[in-house]
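Novice:
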Amino acid sequence: MIEVPGWVASVAAAARTVSVLTGAGMSAESGVPTFRDAAEGTSLWEDYDPQLLVSIDSWYADPDLVWAWHLWLAGLVHRAEPNPGHRALADWASRDDVELRIITQNIDDLHERAGSPVLSHLHGNLFAFRCADCGREYGEPVEFLSEPEQRRRPPSCGHCGGFIRPEVVWFGEALPHQDMEDAVDAMLDSDLVLVVGTSGIVQPAASLPDIARGHGTAVVEINPALTRLSDRVDFCWRAPAGQALPALTSAIAG
Ligand code: BV8
Ligand code: ZN
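Position 43, counted from 1, in the sequence shown is what this note's numbering calls 1229; the numbers after and before it change by one each time, with no gaps.
#1: Does G1321 come out as helix, strand or coil in the three-state DSSP assignment?
#2: To the nearest angstrom, how far is the alpha carbon of H1309 from that of V1354?
#3: Is there at least one non-hydrogen atom of the ligand BV8 closer than 7 Å to the beta-carbon of A1300?
#4: Could you give the DSSP three-state label for I1288: helix, strand or coil?
#5: Buried or exposed: S1393, going by 16 or more other Cβ atoms within 10 Å of its Cβ?
#6: For R1338, I'd like the list of residues in its chain whose CB is within less than 7 Å of its CB, leaving aside the five on either flank, ordered along the chain.
#7: Quick one: does L1312 have its CB under 8 Å from some CB of chain B?
#8: Is any heavy atom of the ligand BV8 found at a distance shorter than 7 Å from the C-beta of Q1291?
#9: Less than 7 Å separating the Cβ of W1193 from some heavy atom of the ligand BV8?
#10: Please find out if some non-hydrogen atom of the ligand BV8 comes closer than 7 Å to the beta-carbon of Q1237.
#11: Note down the Cα distance separating H1264 from L1378, rounded to an integer number of angstroms.
#12: Taking 7 Å as the limit between beta carbons, can you name the residues of its chain near G1261, skipping five residues before and five after?
#13: Around the ligand ZN, which residues pass a check of Cβ closer than 6 Å to any of its heavy atoms?
#14: Between the Cα of S1436 and those of G1301, V1218, W1278 and A1404, spot the shortest distance and give me the residue it belongs to.
#15: Check for me: the alpha helix (DSSP H) holding V1263 runs from which residue to which?
#16: So P1270 and P1432 are supposed to be a Cβ contact under 8 Å. How far apart are they, rounded?
#17: Can you tell me which of the three DSSP states W1245 falls into?
#18: Helix, strand or coil for E1298, going by three-state DSSP, please let me know.
#19: Okay, do the stretch 1311-1319 and the stretch 1360-1376 touch, 3+ Cβ pairs below 8 Å being the bar?
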């Protein structure tokens, strides 16, 4: 088990309310590619910029391409398992003496499948679907892809004939108001904020740690690499989530 930095262990042991902001790096050890290298290893997507794929403009321009991308990602997540980092957060949240909330940028369901309730899914949920035109929930079964495909025609809404889309927040779309409001409230009401596996590029999620820090809350980053947030946190723990979080929770359990 990797060593836990002393300061991090002491702040975590004393914390009664902990908020954890997670990004794609949280799911990396589950085999879900991080957002910016999502296309690596899947030749079909090599010549697409994932950033463009998950934008409202791409959806309007080529819904079949965007729909196929999400069916591929949903299939990959469906076959993935929560990693020890997800499970460590669920264990920590189960303790009676701590209130731990998860605010995630991820659209996967790995926190939930590890047993964690999620306070905010800032960028939505890959496994919920609605009509892009009338907004009605779509409850029919959706078949995910086991291999990437270039295009797939989205299903049509039984009510208005509009295309069905995933309940995710694309670039250029507003975040769900309640999820963002709950996330800001959590930043203002925590003894400790952990920022795990995010490059700190995408706004407005990337501004959340600043809100906590501006409120005098200890902010710790867990990431093997430097990020845009690294010089705006109290402690940078250069470690992968799947090793750091289990080491931290066992250090404070002791
Ligand atoms: C909005 C869901 C307004 C979809 C996603 C200029 C300046 C500021 C902002 C903007 C700007 N131009 C445009 C904007 C706004 C834009 C934005 O922020 N652009 C960025 C690129 C500059 N934001 C938006 O458009 C947002 N909406 O602003 O709306 C508005 C208001 C009213 C009305 C209309 C509009 C919407 C943003 C949400 C976009 N949706 N995804 C889908 O995926 O299908 S974003 C996408 O990026 C993913 O959700 C992902 O979570 C998110 C952030 O990426 P990260 O999670 O950080 O992942 P990344 O790959 O970048 O980094 C991984 C990290 O993990 C790395 O640091 C790596 O080192 C680390 N790591 C790797 N392995 C591990 C690890 N860490 C720990 N352990 C490991 N093992
Ligand atoms: Zn409809």
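Just so it is clear, CB atoms sit at the ideal spot from N, CA and C, and this is done for glycine as well. For clarity, every value in this text was computed on a predicted model and none was experimentally measured.
Specialist: Per the coordinate set shown:
#1: coil
#2: 6 Å
#3: no
#4: strand
#5: exposed
#6: D1250, W1253, A1254 and L1257
#7: Although the question refers to chain B, the structure presented lacks it and comprises just one protein chain.
#8: yes
#9: no
#10: yes
#11: 31 Å
#12: F1330, L1331 and S1332
#13: C1317, D1319, C1320, R1322, C1343, H1345, C1346 and G1348
#14: W1278
#15: P1249 to R1265
#16: 5 Å
#17: helix
#18: helix
#19: no
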